[in-house]
Amino acid sequence: DIQMTQSPSTLSASVGDRVAITCRASQSISRWLAWYQQNPGKAPKLLIYEASTLESGVPSRFSGSGSGAEFTLTISSLQPDDFATYYCQQYNSPPWTFGQGTKVEIK
Amino acid sequence: EVQLVESGGGLVKPGGSLRLSCAVSGFTFSSYVMKWVRQAPGKGLEWVSSIDTSSSIIYYADSVKGRFTISRDNARNSLYLQMNSLRAEDTAVYYCARAGLKNYIVYWGRGTLVTVSP
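Protein chains in written order, with the working numbering: chain Y, 230 to 336; chain B, 114 to 231.
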């Protein structure tokens, strides 16, 4: 199974900050990586797929990069709605595995 | 508008069974891979099972293999998860989800809570 490891687990930041979350796969997954945002009590929301393709309707302050085994989600200027938990997910091969999550909290 | 609405969750004793259902609307159900993903209280996301459009290709997480069965009824626009031999560690919110062109998830339901407890 492919293991997905996110860092950091928690990130404290302020509105307007640029933040980056890293996701590492235990083996190469090409560009088969998605990022999701989840607010408390809500279902996750797709932000990015194929490592860097922004899902329709997602603000352009979100961007994704990387390939192989290392990926990054960047939020260019943190907004109040962005304080949430973020998950990466590989879809290179089953079982489709998620990272453990990164909580972005208000500093 | 795309909608995925789960039902069938509840409280069940260890060793018991439940059948989750997911009614979908707003897209051509028969054209998409469907999934179940769960989230234990305060924990992260865990993929549970996937089924392709014709029910020919089915995958399960090792944690549920042999106990859970995914199925779909394309005529009824519905997805199911039969859960047997339930354990305390199966306690979670279960989300019904629709895949995109590949196995990322574009749409999620609101989830249904399954609690396994004596």
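Think of the CB as a built atom: it goes at the ideal place given N, C-alpha and C, for glycine as much as any other residue. Bear in mind that the values here come from a model prediction, so they are computed numbers and not experimental data.
- Rounded to the nearest whole angstrom, the CA to CA distance from S305/Y to S243/Y is 12 Å.
- Residues of chain Y whose Cβ lies closer than 8 Å to the Cβ of A174/B are, in chain order, P324.
- Rounded to the nearest whole angstrom, the CA to CA distance from F291/Y to W149/B is 26 Å.
- DSSP places A210/B inside the beta strand (DSSP E), whose first and last residues are A205 to A212.
- Looking at the DSSP output, T301/Y sits in a beta bridge with T251/Y and S294/Y.
- The alpha carbon of Q318/Y has as its nearest neighbour, out of T141/B, A136/B, W160/B and G155/B, the alpha carbon of W160/B.
- At a C-beta separation below 9 Å, W160/B has these neighbours in chain Y: Q318, P323, P324, W325, T326 and F327.
- By the neighbour-count definition (other C-beta atoms within 10 Å, threshold 16), L194/B is a buried residue.
- A Cβ-Cβ contact shorter than 8 Å links R151/B with Y208/B.
- A residue is called buried when at least 16 other Cβ atoms come within 10 angstroms of its Cβ; A280/Y meets this threshold and is buried.
- Proximity of G245/Y to chain B, defined by a Cβ-Cβ separation below 8 Å, is not satisfied.
- In the structure shown, D246/Y adopts coil according to DSSP, grouped into three states.
- Residues of the segment 264-280 of chain Y with a C-beta atom less than 7 Å from some C-beta of chain B are A272, P273, L275 and Y278, listed in chain order.
- The beta-carbon distance between A313/Y and Q256/Y, rounded to whole angstroms, is 28 Å. This is too long to meet the 8 Å contact definition.
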